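My numbering puts the last residue of the sequence shown at 252; the count rises by one with no breaks.
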Amino acid sequence: MDLLLIEDDPALQVTLRRTLERRGIQVALCADGLLALAQWKQQQPDVVVLDLSLPGLDGLEVLTQARRIGLETPVLILTARSTVGDRVIGLNTGADDYLAKPFDLDELEARIRALHRRASGSGDDGLQDNPSWGQLRLDRQSGAFYHGHQVLELSPRELRMLRALVARPGRAVTREHLLEVVFPDEADVQAEAVEVVVYRLRKKLAGTGASLVTLRGLGYLLKAGG
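And the structure:
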């Protein structure tokens, strides 16, 4: 995946480029709003991460002009402006997603990959046979999860949660959906009960090479690494 990062903070540029390239995403940098549009047109990236507060030209104006000339690249706005009004303006201008600073790097990566999948039409065909995350492996025939060659011992609720997470590979699963799946036919259970199962499942996943990531405002995501 090729990503264009339009951000004028040098420290953040270095951090994001190093982190994302370690995870297989090629990052090109631009620090000036006036230069961003030309670089965007020339590079034709898969995803654009766009800061709003840029020298030369405001990020919203960059986005407005990009959409006006037909650049349809998915755009994630990355900014310190975190009010609802700013978020609505950004999305109405043509952004596809919005992440306020400070943010979690895992969440940023997950959102970038989600935008790329959505644009390319991939990642919606379900799981391949016996998928794995690090040393965690799902045996589709038995329905059991393995850590290496050993069956991972899970409670019924932990197993239901993990199955719900792997059923949507690469996508966040909302807490509301997990509540329905993990606690079926328990009408009086509170949403906070999901957090308890998440905590226990994270302990079971320790050392497997798989991690359960919390994405603010989206839900939970199972990913390799961590």
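Note that the Cβ used here is the ideal one computed from N, Cα and C, for glycine as well.
Given the structure is predicted, the values throughout are model-derived calculations rather than measurements.
At the C-beta level, K127 and A140 stay beyond 8 Å of one another. In the structure shown, L104 adopts extended strand secondary structure according to DSSP, grouped into three states. In this structure, DSSP gives V215 a state outside helix and strand, which the three-state scheme calls coil. For D58, no alpha helix (DSSP H) encloses it, and the DSSP letter there is neither H nor E. The segment 209-218 and the segment 166-179 do not touch, with fewer than 3 CB-CB distances between them shorter than 8 Å. Across the set R201, I103, R228, A54, the C-alpha of R228 shows the shortest separation from the C-alpha of S181.
Unbroken beta strand (DSSP E) runs of no fewer than 3 residues, entirely contained in the segment 33-83, are found at 52-56, 73-77, following chain order.
In the DSSP assignment, V239 falls within the unbroken beta strand (DSSP E) covering 236-241. Relative to the Cα of R201, the nearest Cα in the group L162, L164, G243 belongs to G243. Contact check between the segment 97-104 and the segment 155-165: fewer than three CB pairs, one atom from each, fall below 8 Å, which does not count as touching. For the 8 Å CB-CB criterion, A198 and G235 do not form a contact.
Secondary structure note for A250: it is in no alpha helix (DSSP H), and the uninterrupted beta strand (DSSP E) holding it is 245-250.
Our two residues, A64 and G96, have alpha carbons roughly 13 Å apart in a direct line. Remark: C-beta atoms of E133 and L46 do not approach each other more closely than 8 Å. In this structure, L55 sits near L31, with a CB-CB distance shorter than 8 Å.
In the DSSP annotation of this structure, the continuous segment of the beta strand (DSSP E) that includes D123 starts and ends at 123-126. DSSP, reduced to helix, strand and coil, places D28 within a strand of the structure shown. By the CB criterion at 8 Å, L80 and D34 fall inside the cutoff.
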